[in-house]
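Listed in order, the protein sequences are those of chains Y and B.
Using the working numbering, you'd call the opening residue of the first sequence number -3 and step up by one each time.
Using the working numbering, you'd call the opening residue of the second sequence number 1305 and step up by one each time.
Where is the CB? At the ideal position from N, CA and C, for every residue including glycine.
None of the values given here were measured: they were computed from a predicted structure.
Report on the structure given below.
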Amino acid sequence: MKGIVFDLLEEIVAREHGDRTWDQLLERAGVEGVYTSLGNYPDSELMKLVAVATEMFEIPVPDVVRWYGRNAMPLLADRYPGFFEPHTDARSFVLTLNEIIHPEVRKLYPGADTPDFTFDASQPQHLTMEYRSKRQLCALAEGLLYGAADHYGQSIEIEQPECMNRGDQRCLIQIAFSS
Amino acid sequence: MHEQRRPALSDPDRLLELEQATDEIARLRRRAERERKARREAERISERSTRELYDRQQRLLLARTVANAANEASSVGSATGTTLRAICEHCDWRLGHAWWLTEDGLFDSGDTWSGDVERFTDFHDATQGLRLANGVGLPGRVLARGEAVWVRDFSQVLSLPRAGAASAAGLRTAIGFPVLVGSDVVGVLEFLTEHLLEPDAELLALMAQVGTELGRVVEREQAAQRLVHQATHDALTGLPNRVHINDGLGRAVARLRRDPGAHVGVFFIDLDGFKAINDTMGHPVGDVILCEVAARLRAVMRPHDTLGRLSGDEFIVVCEDLDETHAIAAIADRVQDALSAPFEIGDELFQITASIGVTVAKPEKDPEELIAEADAAMYRAKRSGRGRCEVYSEQLGAQIRRRGGLERALRKATERDELRLHYQPEVDLSSGKILGLEALLRWQRDDALVMPAEFIPLAEETGLIVPIGAWVLNEAVRQSQAWRRDPEIVENPWISVNLSVRQLADPDLTQRVADVLTQHGADPASLLLEVTESVILDDVDAGLTILAQLKQLGADIAIDDFGTGYASLSYLRRFPATAVKIDRSFISTLHDRRTLAIVTAMIELAHALGLTAIAEGIETTEQLTVLSELGCDIGQGYLFAKPKPADELESLLKRPAALLDAGAQQRVR
Chain Y
-3 MKGIVFDLLE EIVAREHGDR TWDQLLERAG VEGVYTSLGN YPDSELMKLV AVATEMFEIP
57 VPDVVRWYGR NAMPLLADRY PGFFEPHTDA RSFVLTLNEI IHPEVRKLYP GADTPDFTFD
117 ASQPQHLTME YRSKRQLCAL AEGLLYGAAD HYGQSIEIEQ PECMNRGDQR CLIQIAFSS
Chain B
1305 MHEQRRPALS DPDRLLELEQ ATDEIARLRR RAERERKARR EAERISERST RELYDRQQRL
1365 LLARTVANAA NEASSVGSAT GTTLRAICEH CDWRLGHAWW LTEDGLFDSG DTWSGDVERF
1425 TDFHDATQGL RLANGVGLPG RVLARGEAVW VRDFSQVLSL PRAGAASAAG LRTAIGFPVL
1485 VGSDVVGVLE FLTEHLLEPD AELLALMAQV GTELGRVVER EQAAQRLVHQ ATHDALTGLP
1545 NRVHINDGLG RAVARLRRDP GAHVGVFFID LDGFKAINDT MGHPVGDVIL CEVAARLRAV
1605 MRPHDTLGRL SGDEFIVVCE DLDETHAIAA IADRVQDALS APFEIGDELF QITASIGVTV
1665 AKPEKDPEEL IAEADAAMYR AKRSGRGRCE VYSEQLGAQI RRRGGLERAL RKATERDELR
1725 LHYQPEVDLS SGKILGLEAL LRWQRDDALV MPAEFIPLAE ETGLIVPIGA WVLNEAVRQS
1785 QAWRRDPEIV ENPWISVNLS VRQLADPDLT QRVADVLTQH GADPASLLLE VTESVILDDV
1845 DAGLTILAQL KQLGADIAID DFGTGYASLS YLRRFPATAV KIDRSFISTL HDRRTLAIVT
1905 AMIELAHALG LTAIAEGIET TEQLTVLSEL GCDIGQGYLF AKPKPADELE SLLKRPAALL
1965 DAGAQQRVR
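Listed below in structure tokens is the structure:
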């Protein structure tokens, strides 16, 4: 997992709950906590941090992940404004994931294992995303989608008729965008 | 166990410690925040460097790909294809397309590359049909500016001819940049994407590099094409040359094999009298006329006909679809019509016709054979006069093959010692004495004796007459001297040798004759050189000059075949001759009243000019009687003796009285 993910988590936890909470998270997860966006760290460390957060905040894992994604988006917009500026709505921004955002990510982090999404964009105010990943982080995708909607001042509704966490072959994320 | 010490708020020292600790914590927090910010900053800087490094590497890779493609490409097409694809893939453009500037100053659509062909079919179709002028469309704008053009949203620029098609295909930003040879725009590469992109200076610099690389390939191909063009075209007229014609004709014959119903005509066009124009007016004038001829012929050819220049004044036309409406005669007429208007060079007007030979291609023939056939037909046409057309036939071919065989054999005749001289006496009609012997050439070819009429014209055409003539002169003089040294032979006749037109054109002829005489120790006065009137008809002054030199040398000159050559009497006055030989055609028809009148006049004319009159071809005593009565000086013919080999003739020379039959002797005496 890329360091940026840990970086952003630290930033969000510290901002929302204070440095002490972040320290506690690290200590209870038993991880060293020396992260930079340039590094690469085991997925398991992230999973431990999420597990500890679930205990500490007493909310389920998907909710933690979704919360993280939604809060990470403004930070990303701050760090990488170039991806956001050409768009005026979340739907068009999301549609550039495969072709612009992920290639750019790979420029920075050669070998980054970015997920591939298959989009069905046939409906103007809707988008169906198909997601397949060993990490099964569809909740992160949902959180990021909410965050993107927040960024463009829109509201969205998300449904997941299929989910790998529920034993399906894939996750199918259906998004309805407000105009 | 000690009681744990607790800080008491009332304790001033403790209070101070607490304040200090609070300060310390705040300070540490600030430090942690600072450190965090420093880390962000370091990450940002590092990310930027990483991205720049990545982009630079990608651009280097692209530049290298394009440079490799340029270096290795066998054609502009393949280099362009590779380049379009490399740029699309490296820079994430959807569609790349090449425009090439044509000779008429318009851009033609060239190669296209897109990852998703189906998606851009309509846009591609909209592009294919276009021919864009300077200033029009993306390539026109690039040409007008001479540099790259970045269109942020192509689909919104309605002045661009393909804005609608771009919009329909969802294409937005487009760039076009020039392919340069030196500073000339020869083509434009354009790339389009569905994204909206801002001008990128580094990308434009890279594209400029790409344009130059591709320009190198264009330049190389242009140079190669120039070389090919030079190798296949005539430098003067720009027409296809022999190489090109052979090539095209080879393909036409190959098509003929697949489609035996087609008819391919090969026209060999040779200008009449062009050599004379070249010789008298100079090559620059000749060249102007050739260019004009080329232009006129080109103007009357149909697009499918191939017009080429073989060499000098020889042109070739290959017509691949002869039929009733496009018939040989019609094409030949068109050629003659094209040349019929006078050629105006400076103040001079030249009238030019062409001799045309045609052959209809057969699938089993190769191009060289077909051109040779058309050439042979042309030659036949030329011999029948100016401005004629002749079609090749198998009969003509057989004749030519026979001629070829004869020519090869004749070339070897001298070295194989197959040439012979026969001698025919020239007899004094008043005394019956043998005054002279005419040396007559024979060719002992295997068992057959070939007569001069069969091979002398060929020897004249091929120039073989020069070495043969030299042999004849030498052999005749040698034999004549041998007889003079023979004590049994009392008579000392002169020796008559025929000189051809070609021999007289040799400026060293006088010297050669002098050398032969010296070599054999012969008296020049013992040599009678016979020339026809036609000798001086070609070039009067040159002919007369040579004859005067020979006369000066001491040899006598006789005008052969007198009365048949259309020579004007004014030439006769200047002709340094000592004798005229009245042609055998007059003698054989001497019974005719008018012939008799002519022969009478000829003999009188000869005598009036102080020339000896010699009658050829006397076969009957009646002819001899008439000629004697007319005062003819010398006679020659079967009546006296057939031409004989030297050894057979010797007996006659030893016993001259045996020459004439009884009747003839009686008459003479």
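In the structure shown, B/Y1727 falls within a strand segment according to DSSP collapsed to helix, strand and coil.
Interface criterion met: the Cβ of Y/K103 is under 8 Å from a Cβ in chain B. Membership of B/Q1640 in the alpha helix (DSSP H) is indicated by the continuous run 1632 to 1644. Between B/V1639 and B/G1569, the C-beta gap is not smaller than 8 Å, which leaves the two residues out of contact. Collapsing the DSSP output to three states places Y/Y127 in a strand.
Within the same chain, Cβ atoms closer than 8 Å to the Cβ of Y/D3 are found at Y31, T32, S33, the five residues on either side in sequence being excluded. Y/P77 is outside the set of residues whose beta carbon lies under 8 Å from a beta carbon in chain B.
Residues G139, Y142, G143 of the same chain have their beta carbon placed closer than 6 Å to that of Y/R66, with the five preceding and five following residues left out of the count. Within 10 angstroms of the beta-carbon of B/A1752 lie fewer than 16 other beta-carbons, which makes it exposed. Of all residues in the segment 15 to 37 of chain Y, only D15, T32, S33, L34 place a beta-carbon less than 8 Å from a beta-carbon of chain B. Put simply, the CB of Y/P157 is far from chain B, with every gap to its CB atoms at 8 Å or more. Taking a contact to require three or more Cβ pairs closer than 8 Å, the segment 1768 to 1777 of chain B and the segment 1714 to 1725 of chain B qualify as touching. Annotation: Y/P70 has no Cβ neighbours in chain B at a cutoff of 7 Å; minimum Cβ distance is about 15 Å. Here Y/C159 carries a coil assignment [DSSP, helix/strand/coil]. In the DSSP assignment, B/N1796 falls outside any alpha helix (DSSP H), carrying neither H nor E.
Residue ranges of uninterrupted alpha helix (DSSP H) with 4 or more members, entirely inside the segment 1480 to 1565 of chain B and ordered along the chain, are 1505 to 1536, 1546 to 1562. For B/H1401, there is no enclosing alpha helix (DSSP H); the enclosing beta strand (DSSP E) covers residues 1399 to 1405.
Within the segment 1417 to 1483 of chain B, the beta strand (DSSP E) runs of at least 3 residues that lie entirely inside it are, in chain order, 1453 to 1455. Look at the segment 81 to 105 of chain Y: the residues with a C-beta under 9 Å from a C-beta of chain B are P82, T92, E95, I96, P99, E100, R102, K103, L104, Y105. Annotation for B/A1658: the continuous beta strand (DSSP E) segment containing it runs 1658 to 1664.
B/S1378 does not reach chain Y, its nearest Cβ partner there being about 33 Å away, counting only Cβ pairs nearer than 7 Å.
Using a Cβ-Cβ distance cut-off of 8 Å, the segment 142 to 156 of chain Y and the segment 70 to 88 of chain Y are in contact, since at least three pairs of beta carbons, one from each stretch, lie closer than that value. Collapsing the DSSP output to three states places B/Q1940 in coil.
Around the CB of B/V1490, 16 or more other CB atoms lie within 10 Å, so the residue is classed as buried.
When 9 Å is used as the limit between beta carbons, B/T1354 is near these residues of chain Y: L34, K103, L104, Y105, P106, in chain order.
The C-beta separation of B/D1426 from B/A1373 comes to about 29 Å, leaving the pair out of contact by the 8 Å criterion.
The C-beta of B/E1393 comes no closer than 8 Å to any C-beta of chain Y. Bounds of the beta strand (DSSP E) holding B/D1865 are 1860 to 1866.
For the segment 1884 to 1948 of chain B, the continuous beta strand (DSSP E) assignments of 3+ residues that do not extend past its boundaries occur at 1916 to 1919, in sequence order.
Residue environment analysis places B/T1541 among the buried positions, since at least 16 neighbouring C-beta atoms fall within 10 angstroms of its C-beta. Under the Cβ criterion (8 Å, minimum of three pairs), the segment 1813 to 1831 of chain B counts as touching the segment 1853 to 1862 of chain B. For B/L1510, the closest C-alpha among the options B/R1878, B/R1530, B/G1381, B/P1482 is that of B/P1482.
Chain order gives no chain Y residues near B/A1512, where near means a beta carbon separation below 7 Å; the closest approach is about 23 Å.
In its chain, beyond the 5 residues on either side, Q132, C167 have a beta carbon closer than 6 Å to the beta carbon of Y/M160. Across the structure, B/E1323 and Y/R102 are spaced so that their CA atoms are roughly 50 Å apart. When beta bridges are read from the DSSP output, B/E1345 appears opposite no residue.
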